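If you number the sequence shown the way my numbering does, the last residue is 282 and the count never jumps. To keep things clear, I will list the structure first and then write my remarks on it.
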Amino acid sequence: MTGTIAFIGLGNMGGGMAANLLKNGFAVRAFDLSDEALAKAESHGALRAASAADAVANADAVVTMLPAGKHVEAVYTGDVFGAAKSGAVFIDCSTIDVATSRRVIAAAQDNGFAMVDAPVSGGIAAAASGTLTFMVGGDGSAFAQSRPILAAMGKAVIHAGGPGNGQAAKICNNMLLGATMIATCEAFAMAQKIGLDPQTFYDIASISSGQSWSMTSYCPVPGVGPQSPADRDYEGGFATALMLKDLKLATEAAAAVGASVPMGHAAEALYQMLANRGQDHRDFSAMIELLA
Ligand code: NAD
């Protein structure tokens, strides 16, 4: 499938995603508040739009990749629905709160448009290489319409259920990731204090019941396990600020539905502590320095 995609929000993630749409034969009409982001998109072959509404006019699909719920709401309460052509599908790939996501999708439906939430797993490198995983919330026909567009930007596109369920999958996954990373850091720091060599502990725990992705794919100890941000002083990777953002979304969502998430709250408090120490730009596995 090819067609014209309006892409709104071409920052760290959106820039790479739009480039992959272009590589896969889609035309891209780009809009961002940042001139620098737009210039970069143009260098990849996108057409610069003057506003969100201008980008959306005549597009077959609209993809948004924005920082937070307030930015998503600002774009969708603007005139994008009025400007879109009939039959266009709207795809919000931003990580935002479930309530805002459901409200925006309901507004799209009220205006006669199909829409999905499709947050991603994978960071800036996966966005650039087209290997993101998309967790998609929306009805079956909206999912079917958005799938080929998402497939051009990722390696997996998974239907998570109705509107907002992509966000639900994303925050539950990242809450689990935050907690397992902290537990992994805690165990390595303690093992070392008791006198256990980190590599030896890795060799044992990575094939024992304490194994997790945080240990065997993203080990927080430098020089242990496959290459990870720990091997470059915790630069690059998944920023502590973004982990904290996702944990806040998770604990807010838990409160809204009365779910008990004591580990999620503990993870949020610890990542807040790490961020307060000026570490918010460093990879989230730098947690080990707080616990060492
Ligand atoms: P970013 O800040 O680099 O990019 C966001 C872009 O949106 C910016 O270029 C900004 O100018 C633009 N923008 C903001 N408001 C706008 C508006 N009203 N109209 C048009 N453009 C507007 O952020 P990012 O790192 O690309 O992240 C985007 C989303 O992806 C976030 O929700 C984030 O949580 C999620 N995410 C990020 C990563 C990551 O590793 N960076 C990983 C997974 C998910």
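Here a beta-carbon is modelled for each residue, glycine too, at the ideal position from N, C-alpha and C. Nothing here was measured: the structure is a model prediction, and the numbers come from that model.
### Message
Please classify Ile194 as buried or exposed, where buried requires at least 16 other C-beta atoms within 10 Å of its C-beta.
### Response
exposed
#### Entry: Straight-line Cα distance separating Ile278 from Gly151
36 Å
### Query
Ordered along the chain, which non-local residues of its own chain (more than five positions away) have a Cβ less than 7 Å from that of Ile86?
Ala58, Gly59, Val62, Gln157
### For Gly152, the three-state DSSP class (helix, strand or coil)
coil
### Message
Quick test of the definition: if touching needs 3 or more C-beta pairs under 8 Å, does the stretch 132 to 150 touch the stretch 229 to 242?
### Response
no
### Task
Reducing DSSP to helix, strand and coil, say where Arg272 ends up.
coil
### Integer Cβ distance of Ile(-5) from Phe21, believed to fall under 8 Å
Going by Cβ atoms, the distance from Ile(-5) to Phe21 rounds to 12 Å, so no, they are not a contact pair.
### Message
Below 7 Å, is the gap between the Cβ of Thr174 and the nearest heavy atom of ligand 1?
### Response
no
### Query
Is it true that the CB of Thr174 sits closer than 8 Å to the CB of Ser204?
yes
### Query
Is any heavy atom in ligand 1 found nearer than 7 Å to the beta carbon of Ser84?
yes
### Message
Is it buried or exposed, Met263, if we count other Cβ atoms within 10 angstroms and call 16 or more buried?
### Response
exposed
### Message
For Val214 and Met3, what's the separation of their Cα atoms in angstroms?
### Response
29 Å
### Query
Does DSSP classify Leu37 as helix, strand or coil?
strand
### Task
Please work out which residues of its chain come closer than 6 Å, Cβ to Cβ, to Ala17, disregarding the five sequence neighbours upstream and downstream, and give them in chain order.
Thr(-6)
### Span of the alpha helix (DSSP H) around Leu260
252 to 264
### Query
Under three-state DSSP, which class holds Phe191?
helix
### Message
Please tell me whether Val79 and Ala43 are closer than 8 Å, where the distance is taken between their beta carbons.
### Response
no
### Message
Does the distance between the C-beta of Ala195 and the nearest non-hydrogen atom of ligand 1 fall short of 7 Å?
### Response
no
### Task
Counting only the same chain and skipping the five closest in sequence on each side, list residues whose C-beta sits under 6 Å from that of Met253.
Ala169
### Query
Over what stretch of residues does the alpha helix (DSSP H) that includes Ala20 continue unbroken?
Note, Ala20: premise wrong, no alpha helix (DSSP H); beta strand (DSSP E) at 17 to 21.
### Query
Exposed or buried, Ala142, counting other C-beta atoms within 10 Å across all chains shown (16 or more means buried)?
buried
### Task
Report buried or exposed for Ile81, applying the criterion of at least 16 other Cβ atoms within 10 angstroms of its Cβ.
buried
### Query
Looking at C-alpha atoms only, which residue of Ala249, Ala231, Val247 is the closest neighbour of Tyr261?
Ala231
### Query
So, do the stretch 241 to 248 and the stretch 209 to 229 have three or more beta carbon pairs nearer to each other than 8 Å?
no
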